[in-house]
Amino acid sequence: MNKNERSSSRCNIGGDTMAKSSVAREVLIPDDSRILRVVFLYTGQGEATLLVVPDAGTRKLVLVDCNSDGDLGGVDLARMFKDLDMPIDVFINTHPHADHLDGIKDVFEVADIREVWHSGHVPGKLHKEAYEQLQHLMNEVGQDNVTELRGSREEFTLGDITYSVLAPADYVKDEIEDEDAETRYRRIHEQCAVLKFCYMSSAVLITGDSDLAAWRDHITQYHGQRLKSDVLSASHHGSRTFFKADEKADPFLQHMDAIDCSYVVISAPKQSDSPHNHPHDDAVSLYAGYVTEEGIMHLGKHRECVIVDIGPSEGDFQVRSDKRLTEAYGQGQNDGSMLRPPGLALTTLDRKPMG
Amino acid sequence: MNWFSKVPYYLQQVLRELRDNSNYIQTGCAALRTLVSSGDIVVRLKRIHKFPIVVVFPAATPYSPPVVYLVDHTFNQEEAETVSRHDELGARRQVSRSARFYYHRHQNIDGSLCLLDHNDLHGEQPELVSVASAIERTMQWFKGHVMGNFPLDSREAELYYHFPNRQDDIQLLLTDPFYDTTLEAGEICFVLAQNVFNYHRKHYIGAHVLGLSGGVLTSHHAPSVINRLSETEVINDPTQIATRSEAFTEGLSSGALLHGFWWHVQEEPKPFRDVDELVQVLGGEKGLDRLTSALAEDLRRSREPLIGLRFSNRHGAIEWLFCRLMKNGIEHAILGPADMGELESRVRARRVLALMSKAFTEDYFHMRNRGRADRTTLRDASLAFVGAGSLGSAIIDNLTKAGLGKLTIIDKGMMEAHNIIRHACGLNTVGLHKVGAVGHDVVKLHNPFVEFEMKPADIMLSPIAPLFGHSSIGVSTIADDNVEGFLNEECMSLNKSVYYARVLRGGKAGRIFRVIPGVDACKECLAFYAQEGDALFPTIPEDPSTAAITNECNNPVRPASNADIAVVAGLASRIIIDDLQNQGSNNHWVWHTENLGGFLQLQDNETGRLIATRIPIHPKCRLCNHHSHAVVIAEDSLSLMKTLSIQTNGNETGGVLIGFTAVDGTTVVVQATEPGPKAICRPDYFERDIDYCQAKLEAAAVSFGNRGQYVGEWHFHPSGVNEPSALDMQSLTEIGLQANYATEQPLLVILSESLEAAFTLHPVYAGFIRCSHSVINLEEALLLEPRPGK
Chain S
845 MNKNERSSSR
855 CNIGGDTMAK
865 SSVAREVLIP
875 DDSRILRVVF
885 LYTGQGEATL
895 LVVPDAGTRK
905 LVLVDCNSDG
915 DLGGVDLARM
925 FKDLDMPIDV
935 FINTHPHADH
945 LDGIKDVFEV
955 ADIREVWHSG
965 HVPGKLHKEA
975 YEQLQHLMNE
985 VGQDNVTELR
995 GSREEFTLGD
1005 ITYSVLAPAD
1015 YVKDEIEDED
1025 AETRYRRIHE
1035 QCAVLKFCYM
1045 SSAVLITGDS
1055 DLAAWRDHIT
1065 QYHGQRLKSD
1075 VLSASHHGSR
1085 TFFKADEKAD
1095 PFLQHMDAID
1105 CSYVVISAPK
1115 QSDSPHNHPH
1125 DDAVSLYAGY
1135 VTEEGIMHLG
1145 KHRECVIVDI
1155 GPSEGDFQVR
1165 SDKRLTEAYG
1175 QGQNDGSMLR
1185 PPGLALTTLD
1195 RKPMG
Chain R
12 MNWFSKVPYY
22 LQQVLRELRD
32 NSNYIQTGCA
42 ALRTLVSSGD
52 IVVRLKRIHK
62 FPIVVVFPAA
72 TPYSPPVVYL
82 VDHTFNQEEA
92 ETVSRHDELG
102 ARRQVSRSAR
112 FYYHRHQNID
122 GSLCLLDHND
132 LHGEQPELVS
142 VASAIERTMQ
152 WFKGHVMGNF
162 PLDSREAELY
172 YHFPNRQDDI
182 QLLLTDPFYD
192 TTLEAGEICF
202 VLAQNVFNYH
212 RKHYIGAHVL
222 GLSGGVLTSH
232 HAPSVINRLS
242 ETEVINDPTQ
252 IATRSEAFTE
262 GLSSGALLHG
272 FWWHVQEEPK
282 PFRDVDELVQ
292 VLGGEKGLDR
302 LTSALAEDLR
312 RSREPLIGLR
322 FSNRHGAIEW
332 LFCRLMKNGI
342 EHAILGPADM
352 GELESRVRAR
362 RVLALMSKAF
372 TEDYFHMRNR
382 GRADRTTLRD
392 ASLAFVGAGS
402 LGSAIIDNLT
412 KAGLGKLTII
422 DKGMMEAHNI
432 IRHACGLNTV
442 GLHKVGAVGH
452 DVVKLHNPFV
462 EFEMKPADIM
472 LSPIAPLFGH
482 SSIGVSTIAD
492 DNVEGFLNEE
502 CMSLNKSVYY
512 ARVLRGGKAG
522 RIFRVIPGVD
532 ACKECLAFYA
542 QEGDALFPTI
552 PEDPSTAAIT
562 NECNNPVRPA
572 SNADIAVVAG
582 LASRIIIDDL
592 QNQGSNNHWV
602 WHTENLGGFL
612 QLQDNETGRL
622 IATRIPIHPK
632 CRLCNHHSHA
642 VVIAEDSLSL
652 MKTLSIQTNG
662 NETGGVLIGF
672 TAVDGTTVVV
682 QATEPGPKAI
692 CRPDYFERDI
702 DYCQAKLEAA
712 AVSFGNRGQY
722 VGEWHFHPSG
732 VNEPSALDMQ
742 SLTEIGLQAN
752 YATEQPLLVI
762 LSESLEAAFT
772 LHPVYAGFIR
782 CSHSVINLEE
792 ALLLEPRPGK
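Sequence lines, in order, name chains S and R.
Start counting the first sequence at 845; every next residue gets the next number (this note's numbering).
Start counting the second sequence at 12; every next residue gets the next number (this note's numbering).
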């Protein structure tokens, strides 16, 4: 980290972070270009993950999903990418719902997006506006730079890392144009893209909003042992739909056994701030059963981002939380409640007559 | 009022960060008297690790960073409150009792971490270490602990400080030989630096590193810096160590020397507590054998030897760790033979104390100077300072600290008590020659890597060339017009550049000017400009209220406060340093704090100004306009040299050159002599027949009068170029220095194999100057006007 970058972490007594223009670069770009950095960005009720991929001494940026949630203190991605001032090599959309797409048009206005990979679905009216942003983006980058994701057992190269597209498989991709809104919403989750990124014997699994049907009926059966990952991005913002159809049903756990992860990252706001009560308590308990409480990184709990660094050597792997991005680019008000540890007295008035 | 009452907003930030940071699980927090937080740092690697810490917030928060203690258990709320009831120091003491030591770099002796360093000195506002940053750095330190791979830290963060057992009354200074990697293992010897360093701690300078290099016993030692700082004689000869001479043994007994053994280890050792852990660093059982064998004599004699471990540090650079094996109670010398078992038990019973060591290499010493000046340029520079008074000593001090390679200090005066009020030296120097005072108290103590010569002399009475020695640049702070005028004339003749500096108007102004002969206006040029009232010359009128006073020898002393002298000294030093890097075109600088008319006018919002200008050579100046590097040679002389050269059959030949210096400074050669019958002429060596050439010279003086003087030498290089050889340079320097030759700038003409002639002038200690030449006939040459007095 050079001196200028370091200086940006200074703050003044008033609490404002200084030199915000370099916070994005300081947090997102590792000093060592051989490190794969995966940053799970807190964006409120939604999901966005940035991969900084080592590429023969340089870097590629891959943004998986995008969300803009103005009220919950989430990172304003457009502002962040403007400060970062680097092109995004690939934007991957796991599925065309607003909480995975919103704001991508604004990001595109400040950062050159070169390729788009997507699941190939058209959402219902509720997500029309967000989907139009994706369409606009695909038009702008040109059809030659647009790829429709297809699940397979193949492993591909991206810079110095490898990745696999685990879903949606071709045979799952039924026509859903004629389905009702609820079915269509559910089927898009069943056909959501799931990607696994591997580097230096470590792996990160990005699951979008993929649901029980996808995992029980397709992914776990088809990919089995290939699912093993160190970090699992909890599907659907920590929703129970990853484990079961409803709260009372017995959970499906074979996928968790196969993934055998050490960490689960939940991209959701505080449960009280979530319109869907994400993350669901029963889902969090199920995750904790696998990774312990310290292994669950719930972005909204403290409104922070999570950084996974892999490399530069075999075995180098670290997961940590970081607040600098939410402090620098957070939207909405932070929790302003007064904290009073024992001993910290508030002013207490007593009788002071005046003449 | 405590800090959390003063900055409540910051306090809330701190509290929130302690509560809401996923890398830290807070288990207790209290602000009864001191803000204290306890909890676990969570390090998420391939598996999750948790480490208990206690964070104590100093009374000077937020200007002081939080102090993170590594503790042996997770403090609960009640324990945090107990700690919080104390003031800062009490709280720190209390937490320290529960410290857990990990024996890694950066953990202090009280259990806290020292990794919360400031990283930017130029923020124009305090740099505050946020709680998040403290937690992040602590987490990365623990990651290093788990992975055995710590994040890079400052080079200044030394391993010694992380040892629990240390001997603090000794510091070792590691000279350049300690960073020579050709040696593998061997012995080390340090010598006590007396009367130089702070007497509260003994400082030993690394004198010798002995070891095997490619199987050969080799010694590296640092003579110059040691000789400047130590009074111990023994260290200059390494064989005295190898043979354990009487002087060496006495040095050990008296404490004048420290001796020990060293090994190179592959990686930085973790701080160790006892001999067993040291042995592990040295290779386990083999390490014990190595240690016991090397130390056998010291163990028998019950000495406490040094152990040095050299390793490649986390920055890939060589680093050393030293410890001393101290007796643990009474230990008698072993008089008879001792077996290895007995020696091993003796070594195991010793205590290990780490010793503080610091790099004391030339590069490291000058590291803080980096940025505006190239170290090599300064190291190669050699300056002569004429004047070691208040201004001179301050400039000498600045340039010494800048890392000048060599300096010569010339002054005739003695230190008097009244000098001290504005001099770089103190009362302890009263009664010494000024040159000695400045040499020892300023140069030696401020930069022992600078070579210096002290010349207590009056420049008006001594030849300038030997006083300047090898210095081609002078700095005059004499501030006496007559002395400066004399120095100017002498240095113009010797082709030496001089910077002149003086403080004027009682310290309200200062003037610095540079004279590069033939390039800048010299002192005499400036006198012409001043006399003519030329606007080119910034006139600074005398201030009657601060007129020069005179001392007992009638020498002028210009009154001025040291505050003003320091300003002029700083400006002069900076100008000289910059010029050494890249000679600028400006040659005249005036600093003034008043409106003095002309272009020395201050704006409303200015309290002082430095004006830099270029003043050209004055057309009437006899010195500058006579300063020529041209040579005129009579046609016959050049033809004779060529003819003689052809006839030598592959040997050198030569002779002397006779002529004069013309009024414009041109060297005129009217005659070249033959070598003479007794000359020694070999393919690569020539010596003229002295008697023969002397006779020729004397005859020429009769024939040509003041146009028939000795001007130099000529010779032929039969198988080489016409560049002066090292021997040529040496002889020409000697000619310039020796009064009997009556020239300070002899001419040398060398003919190459192809009979091409090169003309070079050799001003003393200033290398040589290549000259253009023209050939005219003798009659024309004799019509040229000789320079008066030369």
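Cβ atoms here follow ideal geometry from the backbone N, Cα and C, with glycine treated the same way.
query	result
Cutoff 9 angstroms: residue 445 (chain R) Cβ touching any chain S Cβ	no
Secondary structure, alpha helix (DSSP H): runs of 4+ residues fully inside the segment 1104-1139 of chain S	1125-1135
C-beta neighbour in chain R for residue 1148 (chain S), strict 9 angstroms	yes
Integer Cβ distance of residue 66 (chain R) from residue 47 (chain R), believed to fall under 8 angstroms	7 angstroms
Cβ-based neighbour list, residue 719 (chain R), same chain, cut-off 6 angstroms, excluding 5 preceding and 5 following	669, 711 and 712
Residue 963 (chain S), DSSP secondary structure in three states	coil
Whole-number beta carbon distance between residue 939 (chain S) and residue 1032 (chain S), since they are thought to touch under 8 angstroms	5 angstroms
Residue 846 (chain S) - DSSP class collapsed to helix/strand/coil	With a pLDDT of 34 at residue 846 (chain S), under the threshold of 50, the predicted position of this residue should be treated as unreliable, though the coordinate-derived value follows. Residue 846 (chain S): coil per DSSP, three-state reduction.
CB-CB length for residue 672 (chain R) against residue 797 (chain R), believed under 8 angstroms	7 angstroms
Presumed contact (8 angstroms Cβ cut-off) between residue 441 (chain R) and residue 427 (chain R), rounded CB distance	6 angstroms
Selection from R:330, R:322, R:352 and R:303 that minimises the alpha carbon distance to residue 336 (chain R)	R:303
Euclidean distance between Cα positions of residue 700 (chain R) and residue 688 (chain R)	6 angstroms
Under 7 angstroms by beta carbon: chain S residues contacting residue 31 (chain R)	1146
The segment 1053-1064 of chain S in contact with the segment 946-966 of chain S per 3-pair CB rule at 8 angstroms	no
Bounding residues of the beta strand (DSSP E) (the contiguous stretch that carries residue 557 (chain R))	Per DSSP, residue 557 (chain R) belongs to no beta strand (DSSP E) and is neither H nor E.
Selected residue, minimal CA-CA separation from residue 551 (chain R), among R:208, R:675 and R:604	R:604
Which of helix, strand or coil DSSP assigns to residue 859 (chain S)	Confidence at residue 859 (chain S) is low in this model, with a pLDDT of 35, below 50, so its placement is unreliable and the value that follows should be read with caution. In the structure shown, residue 859 (chain S) sits in coil (DSSP, three-state: anything other than H, G, I, E or B).
CB-CB length for residue 1174 (chain S) against residue 1122 (chain S), believed under 8 angstroms	Not confirmed; about 19 angstroms, so no contact.
Meets three-Cβ-pair contact criterion under 8 angstroms: the segment 496-512 of chain R and the segment 520-537 of chain R	yes
Element boundaries [alpha helix (DSSP H), containing residue 115 (chain R)]	Counting along the chain, residue 115 (chain R) falls outside any alpha helix (DSSP H), and DSSP gives it neither H nor E.
C-beta neighbour in chain S for residue 87 (chain R), strict 9 angstroms	no
Residue 46 (chain R) at chain A interface by Cβ criterion, 9 angstroms	You won't find chain A in this structure, because its protein chains are S and R.
Contact list for the segment 88-106 of chain R against chain S, Cβ threshold 9 angstroms	88, 91, 92, 95 and 96
Straight-line Cα distance separating residue 521 (chain R) from residue 452 (chain R)	26 angstroms
When S:978, S:970, S:974 and S:972 are compared against residue 961 (chain S), the one with the closest alpha-carbon	S:978
Partners in chain R for residue 877 (chain S), counting only beta-carbon separations shorter than 9 angstroms	Near residue 877 (chain S) there are no residues of chain R at all, since even the closest Cβ is about 16 angstroms away, more than 9 angstroms.
Helix, strand or coil at residue 459 (chain R) according to DSSP, with G and I counted as helix	coil
Own chain partners of residue 109 (chain R) with C-beta closer than 6 angstroms, once the 5 adjacent residues on each side are dropped	82 and 83
Close beta carbons around residue 795 (chain R), own chain, < 6 angstroms, minus the five adjacent residues each side	673 and 679
is_contact[residue 1138 (chain S), chain R] using C-beta, thresh 9 angstroms	yes
Contact list for the segment 54-85 of chain R against chain S, Cβ threshold 8 angstroms	54, 55, 56, 57, 58, 59, 61 and 73
Beta strand (DSSP E) runs contained entirely in the segment 287-317 of chain R, provided each spans 3 or more residues	none
Alpha-carbon to alpha-carbon, residue 1125 (chain S) and residue 49 (chain R)	28 angstroms
Within-9 angstroms CB hit, residue 15 (chain R) to chain S	yes
Beta-carbon neighbours of residue 1183 (chain S), restricted to chain R and to distances below 8 angstroms	23, 26, 27 and 30
Distance, residue 188 (chain R) Cα to residue 707 (chain R) Cα	56 angstroms
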